[in-house]
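Asks: Chains A and B are the protein sequences, given in the same order. Residue 564 is where the first sequence starts when you use the numbering used here, and the numbers rise one by one after that. Residue 28 is where the second sequence starts when you use the numbering used here, and the numbers rise one by one after that. We put the beta carbon where it would ideally sit given N, CA and C, even for glycine. Treat the numbers as computed from the prediction; the structure is a model and nothing was measured.
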Amino acid sequence: MSAAIPSGVLAGFRHVDDAAHAIRELKALGYDDFTVYSPVPNHEIADAVGHRISPVRTWTLVGGLTGFGSGLLMTMWMSLDYPVVVGGKPIPSVIPYIVIMFELTILLGALATVTGLVVHAVKNRRAAAYDPHFTDDQIGVFVPCGAERRTAVQQLFQKSGAEEVRLEA
Amino acid sequence: MATTARPEPTAAHPPHPTYHEVTRDIAATLGSPKRGYFVLMGFVLTVLAAGALALLYQVRWGLGVAGYTPPVMWGVYITTFVFWVGIAHSGTLISAILYLFRSAWRTAVYRTAEAMTVFAVMTAGLFPLIHVGRLWYAYWLVPYPNQRGLWVNFKSPLVWDVFAVSTYFTVSTLFLLVGLVPDVASIRDKATGWRKKFYRITALGWRGTDQQWRHYTKAYLYMAALATPLVLSVHSVVSWDFAMSIVPGWHATIFAPYFVAGAIYSGVAMVITLIVPLRKVFRLERYITVMHFENLSKLLLLTGMIVGYAYGMEYFIAWYSGNPFERASFWNRAFGDYWWATWTMILCNGVLPLLLWFPKVRRSIPALFVMSLFVNLGMWFERFVIIVVSLSFEYEPYAMGHYTPSWVDWTVLAGSFAWFFMWFLLFAKNFPTVSITEVKEIIPMPRRRKEAPA
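(1) Could you tell me which residues DSSP pairs with R729(A) in its beta bridges?
(2) Quick one: which chain B residues come within Cβ less than 9 angstroms of S764(A)?
(3) Give the straight-line distance between the Cα atoms of R62(B) and P304(B), rounded to the nearest whole angstrom.
(4) Going by DSSP in three states, I228(B) sits in which element: helix, strand or coil?
(5) Do A673(A) and M250(B) have their C-beta atoms closer together than 8 angstroms?
(6) For V439(B) versus L201(B), is the C-beta distance shorter than 8 angstroms?
(7) Could you confirm whether any beta carbon from chain B is found closer than 8 angstroms to the beta carbon of R620(A)?
(8) If we ignore side chains and look at the alpha-carbon of each, how far apart do L374(B) and F196(B) end up?
(9) Which residue comes first and which comes last in the alpha helix (DSSP H) that contains P256(B)?
(10) Mind listing the chain B neighbours of Y754(A)? Cutoff is C-beta to C-beta under 9 angstroms, in chain order.
(11) With 16 other CB atoms within 10 Å as the buried threshold, where does T30(B) fall?
(12) Would you say W187(B) and W267(B) are within 8 angstroms of each other, going by their C-beta atoms?
(13) Can you check which of these residues, V412(B), K217(B), I413(B) and H158(B), is closest to R51(B) by C-alpha distance?
(14) Between the C-alpha atoms of Y243(B) and V287(B), what's the straight-line distance to the nearest angstrom?
(15) Going by C-alpha to C-alpha distance, which of V145(B), Y104(B), G377(B) and A131(B) sits closest to F448(B)?
(16) Just checking: is the beta-carbon of R587(A) within a distance shorter than 8 angstroms of some beta-carbon in chain E?
(17) How about V435(B) and Y166(B): are their beta carbons less than 8 angstroms apart?
(18) 8 angstroms is my cut-off, CB to CB: does R234(B) come that close to chain A?
(19) With C-beta atoms as the reference, is E353(B) less than 8 angstroms away from P424(B)?
(20) Are there three or more Cβ pairs, one per stretch, closer than 8 angstroms when the region 595-607 of chain A is compared with the region 619-639 of chain A?
(21) Since V99(B) and A151(B) are thought to touch, with beta carbons under 8 angstroms apart, how far apart are those beta carbons, to the nearest angstrom?
(22) In chain A, what lies closer than 7 angstroms to P284(B) by C-beta?
(23) Could you have a look at P42(B) and say whether DSSP puts it in helix, strand or coil?
(24) Which whole-angstrom value describes the C-beta separation of M406(B) and G289(B), a residue pair presumed to lie in contact below a C-beta threshold of 8 angstroms?
(25) How would you write the range of the alpha helix (DSSP H) that F458(B) sits in, first residue to last?
(26) For F362(B), count neighbouring C-beta atoms within 10 Å of its own C-beta (all shown protein chains included) and say buried if the count is 16 or more, exposed if not.
(27) Give me the chain A residues within the contact set of W167(B), using Cβ-Cβ distance strictly less than 7 angstroms, ordered along the chain.
(28) Taking Cβ positions, are W178(B) and M641(A) nearer each other than 8 angstroms?
(29) Under 8 angstroms, CB to CB, which of the residues in the region 653-667 of chain A have a partner in chain B?
(30) Have a look at D581(A), V685(A) and L589(A) and flag the residue whose alpha-carbon is nearest the alpha-carbon of V572(A).
(31) Give me the DSSP bridge partner(s) of T96(B).
(32) Which residues share a DSSP beta bridge with V599(A)?
(33) Terminal residues of the continuous alpha helix (DSSP H) containing L207(B)?
(34) I need the DSSP call for A131(B), collapsed to helix, strand or coil.
(35) Are M68(B) and L452(B) closer than 8 angstroms when you measure CB to CB?
(36) The alpha helix (DSSP H) with V308(B) in it runs from where to where?
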């Protein structure tokens with residue numbers, strides 16, 4: 564992370580319902596720039612944060628269609644570019660080309676999906692404090708805030724049942 | 028990412044490990060290897076060197092040293108190519124298809140299966156190159172025009188194969204890497220020294236934030252959805268390398284499903300071969316249980332039955348078609364020069380898996396391990412029988428022949444196993460062979476209040 568970590572409050576939760584509760588409370592207070600860490604994806608947390616559905620699916624669709632289209636155009640054009648005439652049969656033979664179109668649909672679909680994942684994960688990255696427990700067994704919430712709001716956020720976390728609350732200077 | 032929870036703890040299902048225990052136990056499998064590892068690696072590298080030397084000898088003196096005898100111009104190399112592509116199939120079956128079916132048990136074994144897939148395709152990919160003889164012309168398979176402006180022939184199954192196998196390699200590698208990222212992050216947060224630096228780079232900045240998971244879970248789902256039809260297509264395409272020609276014994280519509288079932292059958296057997304010692308050495312008995320082996324053996328039984336049925340159907344159709352060439356070809360398989368290969372294949376693949384109807388066998392890890400070795404042997408012979416035996420006994424009696432693999436063939440085959448195990452050994456000591464994140468996912472997150480989430 565190249566960007567400097569902003570000052571704020573970092574809390575670690577052991578219980579998923581506590582963390583979800585704290586997130587809902589934060590949202591009710593109008594915070595929306597917090598970062599939630601969890602060792603595994605969790606629906607309760609995702610619902611509490613309330614994201615819209617990930618745009619990665621558009622990448623998959625566009626990648627897949629591009630693959631299909633390029634497979635179609637490539638096979639057709641390459642057969643027409645140097646026609647091999649066999650007994651007056653049509654030069655491009657679509658049925659065998661479906662294999663190529665299919666494979667390219669999957670190939671470009673998968674490449675686009677991973678590209679979409681990387682692009683969106685990087686785009687939505689926020690500089691935030693972190694603790695190694697968050698990939699092990701704790702759910703973390705980091706709220707960037709100035710000194711004047713720290714106590715309120717700290718109390719919110721403690722009331723919600725945070726295991727550990729830390730001030731990040 | 029499976030959401031199905033394990034049953035409540037009972038005597039048969041001991042209590043779940045905690046998240047911390049999962050990280051600790053799986054991270055403990057990594058780290059500095061002991062002497063046994065280096066001895067094993069030394070042996071593997073020696074065999075690999077022997078294979079490489081045999082290959083260099085073949086490059087120097089030409090394909091003639093490989094035992095090819097007209098009309099059998101596809102021999103051990105193509106057999107081994109199909110064998111390794113087949114091995115590769117169960118990885119994506121377990122990681123993608125069982126993921127879409129929400130089978131929670133897959134989480135403990137899928138990483139090993141997926142790594143196996145990638146390394147098996149890497150091994151398989153070498154064989155078309157070895158088989159064409161002049162390795163340095165391998166790029167002729169890529170669609171680009173030759174000096175006269177002629178393009179590759181897209182009606183040829185061999186060109187389909189290039190597309191299918193390279194797509195499969197790319198997609199299964201991406202799938203493995205995407206699955207690894209959160210796990211590597213967990214290990215990064217535990218590791219020390221140079222390993223910490225290594226995992227810091229390979230974790231790609233993963234921290235498990237809400238935004239990362241939001242895109243990750245969707246991307247994983249779509250990858251699984253793309254990989255599922257891909258698995259079924261790749262071995263179908265490989266089977267068409269044979270079925271599209273008019274060689275008796277090859278020209279059959281049953282080939283695609285028959286090859287796919289056989290591929291998954293051999294792949295599951297290889298997964299069992301790999302995880303039995305892995306579980307013992309890494310002390311993963313708590314995560315890979317008898318239940319996992321029983322489920323794998325059910326997959327083995329299912330696909331083995333399909334393979335057995337396909338064997339029966341091949342013989343039936345050869346007789347029922349009334350085609351004298353088909354009939355002669357299949358009579359030759361069972362009672363001709365290569366009867367031993369055919370009966371090895373039938374016994375190992377068609378008869379032996381019937382033992383899996385007994386729950387006692389399915390739950391016995393030593394029995395499954397031995398059986399998995401026989402299945403691997405049988406599946407190699409299946410490809411040998413299909414390829415070599417069919418080619419040696421085509422239409423014209425004066426054009427029939429006999430092929431005996433040479434020492435170069437056998438050494439390159441042994442080298443391919445060494446190549447595969449070299450990658451697997453390197454992987455097993457540097458990356459988690461059981462997914463930390465996905466094993467955690469099937470353990471419910473601790474809650475303070477009892478009520479279910481809204």
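Replies: Let's see:
(1) Your numbering for residue 729(A) matches position 166 in the first sequence. R729(A) pairs with L573(A).
(2) No answer is possible for residue 764(A): the residues shown for chain A start at 564 and end at 732.
(3) To locate residue 62(B), count along the second sequence from 1; it is residue 35. To locate residue 304(B), count along the second sequence from 1; it is residue 277. Cα-Cα distance, rounded: 16 angstroms.
(4) In the second sequence, counting from the first residue as 1, residue 228(B) sits at position 201. I228(B) falls in the helix class under three-state DSSP.
(5) Taking the first sequence and counting its residues from 1, one reaches residue 673(A) at position 110. Taking the second sequence and counting its residues from 1, one reaches residue 250(B) at position 223. Against a cut-off of 8 angstroms, the Cβ pair of M250(B) and A673(A) comes out as a contact.
(6) Residue numbering aside, residue 439(B) sits at position 412 when the second sequence is read from its first letter. Residue numbering aside, residue 201(B) sits at position 174 when the second sequence is read from its first letter. No. Outside cutoff.
(7) To locate residue 620(A), count along the first sequence from 1; it is residue 57. Yes, R620(A) lies at the interface with chain B (some Cβ there is under 8 angstroms from its Cβ).
(8) For this step, residue 374(B) is matched to residue 347 along the second sequence. For this step, residue 196(B) is matched to residue 169 along the second sequence. Answer to the nearest angstrom: the Cα atoms are 32 angstroms apart.
(9) On the second sequence, position 229 is the one that residue 256(B) refers to. Run containing P256(B): D237 to A270, per the alpha helix (DSSP H) assignment.
(10) Lying before the first or after the last residue shown, residue 754(A) is absent from chain A, which here runs from 564 to 732.
(11) Locating residue 30(B) in the second sequence gives position 3, where the first residue counts as 1. Confidence at T30(B) is low in this model, with a pLDDT of 44, below 50, so the placement of that residue is unreliable and no value is reported for it.
(12) Walking along the second sequence from the start, residue 187(B) turns up at place 160. Walking along the second sequence from the start, residue 267(B) turns up at place 240. Yes, the Cβ-Cβ distance between W187(B) and W267(B) is below 8 angstroms.
(13) Within the second sequence, numbered from 1, the residue matching residue 51(B) stands at position 24. Nearest C-alpha to R51(B): K217(B).
(14) Sequence index remark: in the second sequence, residue 243(B) carries index 216 (1-based). Sequence index remark: in the second sequence, residue 287(B) carries index 260 (1-based). Straight-line Cα distance between these residues: approximately 30 angstroms.
(15) If you number the second sequence from 1, residue 448(B) lands on position 421. For F448(B), the nearest C-alpha among the options comes from V145(B).
(16) In the structure shown, chain E does not exist; the protein chains are A and B.
(17) As a first step, residue 435(B) is located in the second sequence; it is residue number 408 there, counting from the start. As a first step, residue 166(B) is located in the second sequence; it is residue number 139 there, counting from the start. Cβ atoms of V435(B) and Y166(B): not closer than 8 angstroms.
(18) Translated into the one-based positions of the second sequence, residue 234(B) becomes position 207. At least one chain A Cβ lies under 8 angstroms of R234(B).
(19) As a position in the second sequence, residue 353(B) is number 326, starting the count at 1. As a position in the second sequence, residue 424(B) is number 397, starting the count at 1. No, the Cβ-Cβ distance between E353(B) and P424(B) is not below 8 angstroms.
(20) no
(21) Looking up residue 99(B) in the second sequence gives position 72. Looking up residue 151(B) in the second sequence gives position 124. Actually they do not touch by this definition, with Cβ atoms about 21 angstroms apart.
(22) Within the second sequence, numbered from 1, the residue matching residue 284(B) stands at position 257. The contacting residues do not exist; P284(B) stays about 16 angstroms from chain A at best.
(23) Residue mapping note: residue 42(B) aligns to position 15 of the second sequence, counting from 1. DSSP places P42(B) in coil when its eight states are reduced to three.
(24) Position 379 of the second sequence, counted from the start, is the residue given in the question as residue 406(B). Position 262 of the second sequence, counted from the start, is the residue given in the question as residue 289(B). So it is a contact: roughly 6 angstroms between Cβ atoms.
(25) As a position in the second sequence, residue 458(B) is number 431, starting the count at 1. First-last for F458(B): undefined, no H or E at that position.
(26) Stepping through the second sequence from its first residue, residue 362(B) is reached at position 335. Looking at its Cβ environment, which holds fewer than 16 other Cβ atoms inside 10 Å, F362(B) is exposed.
(27) Residue mapping note: residue 167(B) aligns to position 140 of the second sequence, counting from 1. Those within 7 angstroms of W167(B) in chain A number zero; the least Cβ separation is about 15 angstroms.
(28) By 1-based counting over the second sequence, the position of residue 178(B) is 151. By 1-based counting over the first sequence, the position of residue 641(A) is 78. Their beta carbons are under 8 angstroms apart, which means W178(B) touches M641(A) by this criterion.
(29) S656, P659, Y660, V662, I663, F665, E666 and L667
(30) Here residue 572(A) refers to the residue found at position 9 of the first sequence. Ranking the options by Cα distance to V572(A), first place goes to L589(A).
(31) Counting from one through the second sequence, the residue named residue 96(B) turns up at place 69. V99(B), per the DSSP bridge assignment.
(32) As a first step, residue 599(A) must be located in the first sequence, where it is residue number 36. Bridge partners of V599(A): V704(A).
(33) In the second sequence, residue 207(B) corresponds to position 180, counting from 1. P184 to R215 is the span of the alpha helix (DSSP H), which, as asked, contains L207(B).
(34) Stepping through the second sequence from its first residue, residue 131(B) is reached at position 104. A131(B): coil per DSSP, three-state reduction.
(35) Within the second sequence, residue 68(B) is the residue found at index 41, counting from 1. Within the second sequence, residue 452(B) is the residue found at index 425, counting from 1. Cβ atoms of M68(B) and L452(B): closer than 8 angstroms.
(36) The count along the second sequence starts at 1 and reaches residue 308(B) at position 281. Here the alpha helix (DSSP H) through V308(B) covers F282 to V308.
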